[in-house]
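Here is the structure we will look at.
There are 2 protein chains.
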Amino acid sequence: MVMSQLSISLDGYVAGPEQSLQDPLGRGGLQLHEWVFGLDTWRAQHGLTGGERTIDAEVVDEMTRDIGAYVMGRRMFGGGGGDWDEAWQGWWGDEPPFRTPVFVLSHHPRTPLVMNGGTEFRFVTDGIESALRQAQGAAGERQVAIAGGASTVRQYLAAGLIDTLQLHLVPIILGDGERLFDGIAPCLEQVSVVAGPTVTHVTYRVLR
Amino acid sequence: MVMSQLSISLDGYVAGPEQSLQDPLGRGGLQLHEWVFGLDTWRAQHGLTGGERTIDAEVVDEMTRDIGAYVMGRRMFGGGGGDWDEAWQGWWGDEPPFRTPVFVLSHHPRTPLVMNGGTEFRFVTDGIESALRQAQGAAGERQVAIAGGASTVRQYLAAGLIDTLQLHLVPIILGDGERLFDGIAPCLEQVSVVAGPTVTHVTYRVLR
Chain A
1 MVMSQLSISL DGYVAGPEQS LQDPLGRGGL QLHEWVFGLD TWRAQHGLTG
51 GERTIDAEVV DEMTRDIGAY VMGRRMFGGG GGDWDEAWQG WWGDEPPFRT
101 PVFVLSHHPR TPLVMNGGTE FRFVTDGIES ALRQAQGAAG ERQVAIAGGA
151 STVRQYLAAG LIDTLQLHLV PIILGDGERL FDGIAPCLEQ VSVVAGPTVT
201 HVTYRVLR
Chain B
209 MVMSQLSISL DGYVAGPEQS LQDPLGRGGL QLHEWVFGLD TWRAQHGLTG
259 GERTIDAEVV DEMTRDIGAY VMGRRMFGGG GGDWDEAWQG WWGDEPPFRT
309 PVFVLSHHPR TPLVMNGGTE FRFVTDGIES ALRQAQGAAG ERQVAIAGGA
359 STVRQYLAAG LIDTLQLHLV PIILGDGERL FDGIAPCLEQ VSVVAGPTVT
409 HVTYRVLR
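Sequences listed follow chains A and B, in order.
Numbering follows my numbering, in which position 115 of the first sequence is assigned residue number 115; successive positions increment by one, without gaps.
Just remember that my numbering sits 208 ahead of the position in the second sequence, which is counted from 1.
Spelled out as structure tokens, the structure:
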């Protein structure tokens, strides 16, 4: 099973306009993720204590519990384009929150990076299908999550390689930015809905 | 209290592309409304018998039960632009489903149209605020619904005149068409969520 989950504005954006290395979520894009930062599950994944135990925390818990490997785009891993600056080890410090193998799509080879806490970044240069196959091999019976960014999720959706898409519907209007469904129209079937205090979590099955 | 409710695609469209007199919902736009046609409440409002009693039917029941007057744009009422063709009495036959006064925005005056079943179409030529005032006078203690189309709802949202916005989130991607939030970014707060069998109903309070 391959899943992906994204926070999306009411007008269909998953990042604001003017994304840059300094502002990877674009103008206003951080608002899409505010619902998650105070949660105990999110804080625990990031090595922090405390936080709230709301129904949102249970949603985060449930969606991450069974993940055996991640795939992410190079831009989500960060560090800029071109040849690797080996000093860049991602945005997440010594102990990233993934705690599984993470397959990073890139056009530039790099030796794997073993981090604390079970995360290992492996760099894949031969395309999205290869990355998914490797992630499935690493995950075994567990799920593979397409972590992002949006363009990576869009590529996997377009290729028909995602089974389950969970959208966190955030009541903001961004007006401009990066649209999840730009140029793609997957056939979706609503599977489940959870009402959080401020956002709504809807899970869809992607039909073939 | 002034409310409005619309069906919206996952990419933020409330009508498909290429809207015309022949195809007022645009290409693919009818899919936004399919969830409603089989419901017993919708059928009863349209003078039909039978239909299903799902949680969607209860949503429709609840959102229409307390409405004392409607406001709608001229395009939703139909009949084309310019001076009125008096033979045109709306899309809904002799007994329209509104069963209250309906204030139709227009630049062209027309005498009121009294229909069967309690619906009376009154034509307002002095703007959206006047139409709302008249609708509120007619509704008394009951709610006023801004019925549509999307551009009318957008005008009322932009003017800060809507208190409650209910969106029926339909799992389709239209890719192009009319966007509800085109050029406006009202501040919304999630109030309630109802999971239907195929769509999700989310109610927002519009903050000032």
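The beta-carbon is built from N, C-alpha and C at its ideal position, and this holds for glycine as well.
This one's a predicted model, so the numbers in the text were calculated from it and none came from an experiment.
- Interface annotation for the stretch 186 to 203 of chain A against chain B: P186, C187, L188, E189, Q190, S192, V193, V194, A195, G196, P197, T198, V199, T200, V202, criterion Cβ-Cβ distance under 9 Å.
- In the assembly as shown, R273(B) is an exposed residue. Its beta-carbon has fewer than 16 other beta-carbons within 10 Å.
- Rounded to whole angstroms, W250(B) and P304(B) show a C-alpha spacing of 12 Å.
- Below 8 Å, enough C-beta pairs join the stretch 381 to 391 of chain B and the stretch 228 to 247 of chain B to call them touching: three or more.
- In the three-state reduction of the DSSP assignment, M323(B) falls in the coil class.
- Spanning the alpha carbons of L30(A) and L6(A) requires a straight line of approximately 13 Å.
- The continuous beta strand (DSSP E) containing I275(B) extends over residues 275 to 280.
- DSSP places A135(A) within a helical segment (H, G or I) once states are collapsed to three.
- Excluding its 5 nearest sequence neighbours in each direction, I216(B) has C-beta neighbours in its own chain below 8 Å: V222, L240, L375, H376, L377, V378, L388, listed in chain order.
- Inclusion of M115(A) and D85(A) in the CB contact set at 9 Å is not warranted, their separation being larger than that value.
- For D56(A), no chain B residue has a C-beta closer than 7 Å to its own C-beta; the minimum C-beta separation is roughly 12 Å.
- If you draw a straight line from the Cα of F98(A) to the Cα of G73(A), it is about 15 Å long.
- For D390(B), the closest C-alpha among the options V2(A), D11(A), P101(A), R133(A) is that of D11(A).
- The continuous stretches of alpha helix (DSSP H) do not include L161(A), and DSSP gives it neither H nor E.
- Just measuring C-alpha positions, the residue of A131(A), I55(A), R142(A) sitting nearest M1(A) is R142(A).
- Contact between S4(A) and A145(A) holds, with the beta-carbon distance rounding to 6 Å and staying under 8 Å.
- Per DSSP, the unbroken beta strand (DSSP E) holding R413(B) starts and ends at 408 to 415.
- For G160(A), there are no C-beta contacts with chain B under 8 Å, since the nearest C-beta of that chain is about 14 Å from it.
- Nearest C-alpha to G196(A) among S130(A), L39(A), G149(A): L39(A).
- Taking the Cα of Q22(A) as reference, the smallest distance to any Cα among R75(A), R110(A), V199(A) is reached at R75(A).
- Excluding its 5 nearest sequence neighbours in each direction, T152(A) has C-beta neighbours in its own chain below 6 Å: G73, listed in chain order.
- Residues E120, F121, R122, F123 of the same chain have their beta carbon placed closer than 8 Å to that of P112(A), with the five preceding and five following residues left out of the count.
- Flagged as an interface residue toward chain A: D219(B), by a C-beta distance shorter than 9 Å.
- With a threshold of 9 Å between beta carbons, I354(B) makes no contact with chain A.
- Taken through DSSP and simplified to helix, strand or coil, E52(A) comes out as strand.
- Residues of the stretch 242 to 262 of chain B that bring their beta carbon within less than 7 Å of a beta carbon in chain A are absent altogether.
- Comparing alpha-carbon positions, the option among I275(B), L365(B), G357(B) lying closest to Y412(B) turns out to be L365(B).
- Less than 9 Å divides the Cβ of I275(B) from the Cβ of A347(B).
- In the three-state DSSP reduction, F98(A) falls in the coil class, being neither helix nor strand.
- Under DSSP, G356(B) forms a beta bridge with M280(B).
- Secondary structure of L180(A) (DSSP, three-state): coil.
- Taking a Cβ-Cβ cut-off of 9 Å, the neighbours of P379(B) in chain A comprise C187, L188, E189, Q190, V202, Y204, given in sequence order.
- When the beta-carbon positions are compared, I380(B) and V414(B) stay at least 9 Å from each other.
- By a beta-carbon distance limit of 8 Å, I55(A) does not contact V199(A). Their separation comes to about 10 Å.
- Counting C-beta atoms within 10 angstroms of its own C-beta, W91(A) has fewer than 16 neighbours from the protein chains shown and is therefore classed as exposed.
- Between G117(A) and G47(A), the C-beta spacing is below 9 Å.
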